[in-house]
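> Heads up, the sequence shown is in the numbering used here, so the first residue is 12 and it goes up one at a time. Glycine included, every Cβ here is placed at the ideal spot set by N, Cα and C. Being a predicted model, the structure only gives us computed values, none of them experimental. Starting off with a structure, shown below.
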Amino acid sequence: MSSLAPHPLTVGFDLDMTLIDSRPGIAATYRALSAETGVAIDVDLVVSRIGPPLETELAYWFPADEVPAAADRYRALYPGHAIAPTAELAGAREAVAAVRALGGRALVVTAKHEPSAKLHLSHLGIEPDTVIGWLWAEAKGAALREHGAQVYVGDHTGDVRGARAAGALSVAVTTGPCAAAELRTAGADVVLADLTGFPAWLTAFEADRVARTS
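Below you can see the structure in the form of structure tokens.
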């Protein structure tokens, strides 16, 4: 048996559609942007595929040379339209608390504009140790590696790719746009219906991890 102590438990979480249901707020912001710019945007379609960076979505609706300005305006509108309507998803608060209860650190690593991510978490009273924004898919891997995350939890195949890029275990939830089969095909190690089952899973994972290094 090894006498080396395991690295402290560190768990990363995605934000949109993993910890929070941001669809109402995102929809309201897109409607405001559409009203200001006169550009027709299918808001229902937009909120059905939340996950990738803002600029990726805006490129479906605006000419390429107008996307940066549209993104700036969207982000300016966002706090006034998106924070209040957004709710936490089932089990979100308990999932973060479960990490802390095991002596671990909880990170939020998201493609969202970091100040907006922090506003959501503050509004809902969810308090991770660290919030890192502006990272999507494989780019999340660098932040997860830097913080020593053993687990990354997300709802999108891009989150699975981020976990794999970090060498972290991928826990996927089906609360976002991706079905369980799609998440498994992308390489998710664990697929849960939502975060309500995460504390029990994490407790078992951590017990096994500690046992293997003791």
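(1) Just to confirm my understanding: we take Val-22, look at its own chain, exclude 5 residues before and 5 after, and list those with CB closer than 8 Å. What are they?
(2) Taking the straight line between their C-alpha atoms, what separation do you get for Asp-76 and Gly-91?
(3) Can you give me the start and stop residues for the beta strand (DSSP E) that Ala-101 sits inside?
(4) On the three-state DSSP scale, how would you describe Arg-60?
(5) Is Ala-106 buried or exposed, if buried means 16 or more other CB atoms sit within 10 Å of its CB?
(6) Run through DSSP, which three-state label would Ser-45 get?
(7) So what's Ser-33 in DSSP terms, helix, strand or just coil?
(8) Would Gly-49 be called buried (16 or more neighbouring beta carbons within 10 Å of its own) or exposed?
(9) In this structure, how does DSSP classify Asp-219 when only helix, strand and coil are distinguished?
(10) Straight-line CA distance for Ala-82 to Arg-195?
(11) Between the C-alpha atoms of Tyr-41 and Glu-125, what's the straight-line distance to the nearest angstrom?
(12) How many Å lie between Arg-86 and Ala-39 at the Cα?
(13) Would you identify the three-state DSSP class for Tyr-71, choosing helix, strand or coil?
Quick answer:
(1) On the sequence shown, residue 22 is found 11 positions in, with the first residue counted as 1. If we look at Val-22 and ignore the five residues flanking it on each side, its Cβ neighbours are Val-110, Gly-115, Arg-116, Ala-117, Leu-118, Ala-160, Gln-161, Val-162, Tyr-163, Val-164, Leu-213.
(2) Here residue 76 corresponds to residue number 65 of the sequence shown, with the count starting at 1. Here residue 91 corresponds to residue number 80 of the sequence shown, with the count starting at 1. For Asp-76 and Gly-91, the distance between alpha carbons rounds to 26 Å.
(3) As a working mapping, residue 101 is identified with position 90 in the sequence shown. No beta strand (DSSP E) holds Ala-101; DSSP gives it neither H nor E.
(4) For the purposes of this step, residue 60 is taken as residue 49 along the sequence shown, with counting starting at 1. Reduced to three states, the DSSP call for Arg-60 is coil.
(5) Here the question's residue 106 lines up with position 95 in the sequence shown. So Ala-106 ends up on the buried side.
(6) Position 34 of the sequence shown, counting from 1, holds the residue named residue 45. Here Ser-45 sits in helix by DSSP.
(7) As a position in the sequence shown, residue 33 is number 22, starting the count at 1. Three-state result, Ser-33: coil.
(8) Translated into the one-based positions of the sequence shown, residue 49 becomes position 38. Exposed.
(9) As a working note, residue 219 is residue 208 in the sequence shown. Asp-219: helix per DSSP, three-state reduction.
(10) Along the sequence shown, read from residue 1 onward, the residue named residue 82 stands at position 71. Along the sequence shown, read from residue 1 onward, the residue named residue 195 stands at position 184. Whole-angstrom Cα-Cα distance: 32 Å.
(11) On the sequence shown, position 30 is the one that residue 41 refers to. On the sequence shown, position 114 is the one that residue 125 refers to. Roughly 18 Å between the two C-alpha positions.
(12) Numbered from its first residue, the sequence shown carries residue 86 at position 75. Numbered from its first residue, the sequence shown carries residue 39 at position 28. Answer to the nearest angstrom: the Cα atoms are 12 Å apart.
(13) As a position in the sequence shown, residue 71 is number 60, starting the count at 1. Tyr-71: coil per DSSP, three-state reduction.
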